[in-house]
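Novice: Protein chains in written order, with this note's numbering: chain A, 34 to 468; chain B, 13 to 325.
Sharing a structure here in structure tokens format.
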């Protein structure tokens with residue numbers, strides 16, 4: 034078997050079989066899915082019936098609110114003491130003060146924190162009833178009011194593409210999600226490359242190894258092996274997270290969201306408009322958003338930038354691991370390496386708001402920041418005019434990792450056999466020139 | 013025929029010479045001592061032979077062929093600074109390292125198992141290296157070095173870390189490997205083992221060869237012309253008799269007999285010494301004092317130092 038393959042295999046298997054890898058792989062999705070499900074659970078589902086006592090000091094809203102299946106309103110004029118409320122069968126107590134019409138403020142007391150949907154339901158009820166009161170006070174016909182009430186919606190269109198409404202910022206948000214993953218995995222796994230190289234150096238097995246294989250093979254074998262570990266973990270996370278979320282959903286919700294959304298798409302727009310509650314419409318928008326992303330391109334490019342960025346950075350981290358004798362010495366070299374990555378991440382955050390900004394364009398082309406920044410731009414896609422930027426970015430990233438690997442292999446080759454002397458930048462420069 | 017030929021090999025590291033025009037040959041099926049004080053350039057030379065680093069100048073031939081990458085499969089190298097992956101199982105690790113030397117997996121397993129059984133360490137196969145003592149790890153490293161049946165073995169301080177019993181075991185194995193056709197280069201500071209098993213040596217100091225040759229010949233060449241003579245009788249009488257033409261270097265009383273070391277002066281021979289000695293004491297035993305490799309090592313290096321100092325103004 035090819036020796037580089039042997040090295041890749043060892044690096045891969047020795048990590049994938051580690052307990053910490055297995056634990057992380059299982060725990061990661063459980064945590065992610067758990068958080069997501071918990072958020073959904075807290076926000077949406079609250080099976081218990083909420084009995085709300087409304088202390089109507091204004092005497093204006095009594096019997097005005099509509100009960101729902103799970104939310105029942107009870108009205109009184111008398112104040113209820115805190116302890117009386119606590120001992121009562123009511124879950125919530127809302128105090129509507131005398132001057133509610135002027136100050137628009139009410140207070141809700143709870144025994145157990147009510148879900149967001151319960152809060153917004155109560156809010157809507159009070160809002161509606163106050164509006165009605167105010168209309169009467171000003172003697173305005175409610176039909177007129179409804180006509181006046183306006184929710185403006187400005188469609189933003191690219192003149193070159195008038196068919197579709199622009200959703201650049203939202204799309205960039207989706208891209209940012211991919212950018213975070215790339216950022217996280219590069220940092221996590223490049224450091225593993227560094228540790229692996231240091232392990233071989235400090236245990237002194239490296240001299241046995243380099244008498245069998247070239248240092249370059251050893252370095253590349255390690256980098257590629259660990260890249261595959263990263264991809265494996267990432268894929269497992271995705272599969273497990275989806276599986277877990279689906280499982281959670283079927284446990285928590287009697288009717289999942291998905292069929293409704295599919296049904297909506299088959300309806301006429303008007304009907305849809307009427308039927309959509311705010312929540313459902315955001316789910317529909319999300320779907321529309323995801324529809325606009327060219328996923329085969331996005332995922333292909335994600336894999337490319339993930340690997341390219343990883344190769345670029347991990348080669349340098351490997352060089353650091355080879356140059357130093359102990360973990361404590363790594364600090365001075367690791368810092369300058371992480372700065373461009375963190376910088377790319379910050380640029381990425383700006384790019385959400387302005388995906389076509391000049392600085393964003395440049396940093397999506399420069400190899401050290403492109404793996405993070407380009408993800409955000411990719412979500413928006415490229416036009417024939419700008420697609421050269423993608424090609425340039427790809428070409429530069431390839432050139433970039435060939436270059437860093439070349440530099441790193443020189444430092445690596447000398448570093449792994451050097452013991453005992455503290456290395457500084459001047460020393461590294463010497464190695465580069467003589468290596 | 014020479015298994016390995018080193019021709020005018022030089023190597024420098026930023027203005028400091030590690031090797032200066034070093035040339036020597038290593039005979040096939042011999043055990044060759046590569047000696048020298050710390051920092052002399054031995055490790056650099058060994059790394060060049062292993063193609064870990066390249067020489068600035070000069071040629072190296074293995075069995076007459078210029079050194080090329082696939083030769084590393086014919087070389088077994090036990091570095092002085094050696095280690096293993098701590099978290100990996102012994103057997104798995106040995107298989108991996110054997111495969112890196114070009115063995116097939118099946119071959120590696122078969123050969124390794126037979127070595128492990130021979131060294132009586134087959135129980136360690138599934139242990140992790142971190143559970144082993146240093147000596148145990150050394151044994152495994154030795155096996156890993158020789159398992160692919162290399163033609164040329166380069167052993168850097170192979171006995172360090174071993175107790176006398178295991179040192180003996182390793183010594184025997186080295187000799188057995190030689191007898192089976194391997195050529196062995198031994199780099200060590202353990203001069204006792206050099207005398208015992210090396211056929212030839214080179215001594216490198218400050219990047220240059222300062223001494224080379226067969227161990228027997230060197231010991232003859234560096235003979236101090238001294239004899240150790242054991243006798244019964246008056247030590248005073250013996251001392252007086254040695255007054256001219258001889259120098260009494262040392263004397264010691266032991267279990268009633270006396271041992272004395274005598275240096276011959278003024279072209280005197282052993283016969284002359286014996287004639288005089290017999291006249292005064294009962295001679296029990298006479299033997300010529302041969303220099304130890306240790307003595308040769310030290311005197312060669314001191315001599316070089318003096319020469320250098322003499323050249324300096």
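Using N, Cα and C, we set each Cβ at its ideal position, and we do this for glycine too.
Is there a C-beta anywhere in chain A that falls below 8 Å from the one on residue 111 of chain B?
Specialist: True, the Cβ-Cβ gap to chain A drops below 8 Å.
Novice: Determine whether the Cβ of residue 47 of chain A lies closer than 8 Å to any Cβ atom of chain B.
Specialist: Yes, because at least one Cβ of chain B sits closer than 8 Å to the Cβ of residue 47 of chain A.
Novice: Could you give the distance in angstroms between the alpha-carbon of residue 346 of chain A and the alpha-carbon of residue 225 of chain A?
Specialist: 12 Å
Novice: Could you name the residues of chain B that residue 43 of chain A contacts, counting a contact when the two beta carbons are closer than 7 Å?
Specialist: 108
Novice: Using the beta-carbon count (16 or more within 10 Å), is residue 157 of chain B buried or exposed?
Specialist: buried
Novice: Rank A:181, A:262 and A:167 by C-alpha distance to the C-alpha of residue 134 of chain A and give the top, closest one.
Specialist: Comparing Cα positions, the closest option is A:167.
Novice: Quick one, which of A:104, A:115, A:131 and A:204 has its alpha-carbon nearest residue 157 of chain A's?
Specialist: A:104
Novice: Going by beta carbon distance, what residues of the same chain come within less than 8 Å of residue 92 of chain B, once the five residues before and after it are set aside?
Specialist: Excluding positions up to five away in sequence, the list reads 55, 168, 169, 172 and 199.
Novice: Who are residue 240 of chain B's beta bridge partners in DSSP?
Specialist: DSSP lists B:273 and B:299 as partners of residue 240 of chain B.
Novice: Classify residue 400 of chain A as buried or exposed, calling it buried when 16 or more other Cβ atoms lie within 10 Å of its own Cβ.
Specialist: Counting the other Cβ atoms within 10 Å of the Cβ of residue 400 of chain A gives 16 or more, which makes it buried.
Novice: For residue 31 of chain B versus residue 22 of chain B, is the C-beta spacing smaller than 8 Å?
Specialist: yes
Novice: Could you say which of B:81, B:124 and B:196 lies nearest to residue 88 of chain B if we only look at CA atoms?
Specialist: B:196
Novice: Could you tell me the distance, in whole angstroms, from the CA atom of residue 13 of chain B to the CA atom of residue 222 of chain A?
Specialist: 52 Å
Novice: Between residue 313 of chain B and residue 49 of chain B, is the Cβ-Cβ spacing less than 8 Å?
Specialist: yes
Novice: Any idea if residue 252 of chain A is buried or exposed, counting beta-carbon neighbours within 10 angstroms, 16 or more meaning buried?
Specialist: buried
Novice: Which residues does DSSP list as the beta-bridge partners of residue 139 of chain A?
Specialist: A:129
Novice: Do you know how far the Cα of residue 315 of chain B is from the Cα of residue 230 of chain B?
Specialist: 15 Å
Novice: Give a yes or no on contact between the stretch 105 to 121 of chain B and the stretch 174 to 185 of chain B, applying the rule of three or more CB pairs nearer than 8 Å.
Specialist: No, the stretch 105 to 121 of chain B does not touch the stretch 174 to 185 of chain B.
Novice: What's the C-alpha gap between residue 122 of chain B and residue 241 of chain A?
Specialist: 21 Å
Novice: What residues in the stretch 224 to 243 of chain A have a beta carbon less than 9 Å from any beta carbon of chain B?
Specialist: 232, 233, 235, 236, 237, 238, 239, 240, 241, 242 and 243
Novice: Pull out every residue of the stretch 69 to 95 of chain B whose Cβ sits closer than 9 Å to any Cβ of chain A, in chain order.
Specialist: 81, 84, 85, 87, 88, 89, 90, 91, 92, 93, 94 and 95
Novice: Across which residues does DSSP place residue 84 of chain A in a beta bridge pair?
Specialist: A:105
Novice: Are there 16 or more other CB atoms within 10 angstroms of the CB of residue 390 of chain A, so buried, or fewer, so exposed?
Specialist: Residue 390 of chain A should be labelled exposed.
Novice: May I have the straight-line CA-CA distance separating residue 143 of chain B from residue 50 of chain A, to the nearest angstrom?
Specialist: Across the structure, residue 143 of chain B and residue 50 of chain A are spaced so that their CA atoms are roughly 19 Å apart.
Novice: Would you identify the three-state DSSP class for residue 68 of chain B, choosing helix, strand or coil?
Specialist: Correct three-state label for residue 68 of chain B: coil.
Novice: Measuring only between beta-carbons, confirm whether residue 245 of chain A sits less than 8 Å from chain B.
Specialist: With 8 Å as the cut-off, residue 245 of chain A counts as an interface residue toward chain B.
Novice: In or out: residue 425 of chain A buried (at least 16 other Cβ within 10 Å) or exposed?
Specialist: Looking at its Cβ environment, which holds fewer than 16 other Cβ atoms inside 10 Å, residue 425 of chain A is exposed.
Novice: Name the chain A residues whose beta carbon is nearer than 7 Å to that of residue 97 of chain B?
Specialist: 236 and 238
Novice: Assuming residue 239 of chain B contacts residue 299 of chain B (C-beta within less than 8 Å), just tell me the rounded distance between them.
Specialist: 7 Å
Novice: Excluding the five sequence neighbours on either side, which residues of its own chain have a C-beta within less than 7 Å of the C-beta of residue 412 of chain A, listed in chain order?
Specialist: 204, 205, 207, 208, 326 and 331
Novice: Please name the residue or residues paired with residue 96 of chain A in a DSSP beta bridge.
Specialist: Per DSSP, none; premise fails for residue 96 of chain A.
Novice: Specify the secondary structure class of residue 169 of chain A as computed by DSSP and reduced to three states.
Specialist: helix
Novice: Pull the bridge partners of residue 17 of chain B from the DSSP assignment, please.
Specialist: B:37 and B:73
Novice: For chain B, check one thing: does any of its Cβ atoms lie closer than 8 Å to the Cβ of residue 461 of chain A?
Specialist: With 8 Å as the cut-off, residue 461 of chain A does not count as an interface residue toward chain B.
Novice: For residue 264 of chain B, write down the residues that DSSP places opposite it in a beta bridge.
Specialist: B:271
Novice: Taking Cβ-Cβ distances shorter than 7 Å, what residues in chain B pair up with residue 36 of chain A?
Specialist: 112
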